[in-house]
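Those sequence lines, one after another, are chains G and A.
Read in order, the letters of the first sequence correspond to residues 2 to 177 in this note's numbering.
Read in order, the letters of the second sequence correspond to residues 10 to 151 in this note's numbering.
By construction, the Cβ of each residue, glycine as well, lies at the ideal position given by its N, Cα and C atoms.
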Amino acid sequence: MRGRLFLWVPLALFAFIAGVAGYMLTQEKDEFVESAMIGQPLPDFALKPAFVGLPGAARSDLVGGKPRLLNIWASWCLPCIAEAPQLEALQAQGVEIVGIAIRDRPEDVASFLTRYGNPYSRIGADDISEVQLAIGSSGVPETFVIDAAGVIRYQHIGDIRPEHVPGLLAELEKAK
Amino acid sequence: MIRAIVLIFAALLAVPALAQDTMPPAPYAYNQLEDPRLEAEAAALMGTLRCLKCQSQSIADSDAPMAGDMRHQVRTRILAGESPEHIRAWLIARYGDYVSYNPTISASTWPLFAVPVLLILIVAAVLLRRLGKHRGDESGAA
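Below you can see the structure in the form of structure tokens.
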């Protein structure tokens, strides 16, 4: 009898694996690649201005005094339009936001800011995504919390929706 | 009539909503390194790095702008004398093991390597027991 039961083990295993596979097929796939740089110091960089209206951005602009937001965005990125009001709301609450424009043209940056508002204190132009790669960001928009010591403390992937603002403010508070 | 034709052509030419940039690719995105030995090193590495925008392709296979920027990073770093494994480690430090198609033994991947070894050991044990028993029976019968 014991031998008979043992024969069912492979079938049970197969049913279990098929069940897991079936279950996973119904789950939403998470396409986000999280940065492994959380808790690491922000890498050194110095980017030229993304357009004539604002200075460029360097690591030293994000270090010292208070935590800041580092927003990775682009004028060609549609979700960046969606998050523009939330960035303005954050700025209105006294948050300094440094922008990095990925693969962007100065005239496009300028017209984006005219149309959707400018919440940035400075914007660096990252024409070959080098800073984006250096901080482990895999798309636009992404927003990082950088503390006063220059350590990356938090990463928000995707556009900032109204419901994300309190969470970001809390992360900024935590980074103080 | 002419107006209709012009309109149809205009409709055909209409550009879909911008989803990608219009900037030129990074210098080494589509240009090979001069030194064929270095280029071979870079190509071998690029074939085993995951494109982050198109996650089922390597950066060597992908035409995504970000994959081009990653190829530029790989080629300029190879040119600067970095070893391919050093560049891989640099990317893994930023994106985790996920960015590499070259599996390594780590805290989360060791079962992948351990399970086959375990299965082989179990099979070997079962076979030894069975065959050993057989031989024992035969010698017992003889």
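Item                                                                                                                    : Value
Runs of alpha helix (DSSP H) wholly within the segment 96–125 of chain G (minimum 4 residues, chain order)              : 107–117
Endpoints, alpha helix (DSSP H) assigned at residue 104/A                                                               : 93–104
At least 3 beta-carbon pairs within less than 8 Å: the segment 124–131 of chain G vs the segment 102–114 of chain G     : yes
Proximity below 8 Å, CB of residue 109/G to CB of residue 76/G                                                          : yes
Cα-Cα separation between residue 113/G and residue 107/A, rounded to whole angstroms                                    : 34 Å
Residue nearest to residue 102/A in terms of C-alpha spacing, selected from 8/G, 38/G, 144/G and 5/G                    : 38/G
DSSP three-state assignment for residue 8/G, whether helix, strand or coil                                              : helix
Rounded separation between residue 1/G and residue 30/G - CA only                                                       : An answer regarding residue 1/G cannot be provided, because it is not within the stretch 2 to 177 covered by chain G.
Whole-Å CB distance - residue 173/G paired with residue 146/G, under 8 Å assumed                                        : 6 Å
CB contact check: residue 35/A to chain G, cutoff 8 Å                                                                   : yes
Residue 82/A and residue 134/G closer than 8 Å at C-beta                                                                : yes
8 Å Cβ cutoff, residue 61/A in contact with chain G                                                                     : yes
Selection from 69/A, 88/A and 90/A that minimises the alpha carbon distance to residue 80/A                             : 69/A
Three-state secondary structure (DSSP) of residue 127/G                                                                 : strand
C-beta contact flag for residue 54/G and residue 48/G at 8 Å                                                            : no
8 Å CB neighbourhood of residue 121/A in its chain, flanking five on each side removed                                  : 112
Residue 133/A classed as buried or exposed, judged by whether at least 16 other C-beta atoms fall within 10 angstroms   : exposed
For residue 152/G: DSSP bridge partner residues                                                                         : 42/G
Neighbourhood of residue 177/G by C-beta, 8 Å cutoff - its chain only, sequence neighbours within 5 removed             : 67, 68, 148 and 149
Contact set between residue 129/G and chain A, taken where Cβ atoms lie within less than 7 Å                            : 35, 78 and 81
Spatial neighbours of residue 47/A in its chain, beta-carbon cut-off 7 Å, leaving aside the 5 residues before and after : 87 and 88
DSSP beta-bridge partners of residue 145/G                                                                              : 71/G and 156/G
Closest Cα partner of residue 63/A within the set 127/A, 96/A, 78/A and 72/A                                            : 72/A
Reference residue 81/G, options 94/G, 25/G and 140/G, closest by Cα                                                     : 140/G
Cβ-based neighbour list, residue 30/A, same chain, cut-off 7 Å, excluding 5 preceding and 5 following                   : 74
Proximity of residue 36/G and residue 159/G at Cβ, strictly below 8 Å                                                   : no
Under 8 Å between C-beta atoms of residue 67/A and residue 56/A                                                         : yes
Chain A contact for residue 51/G (CB, 8 Å cutoff)                                                                       : no
Assumed close pair residue 163/G, residue 87/G - CB separation to whole angstroms, cut-off 8 Å                          : 6 Å
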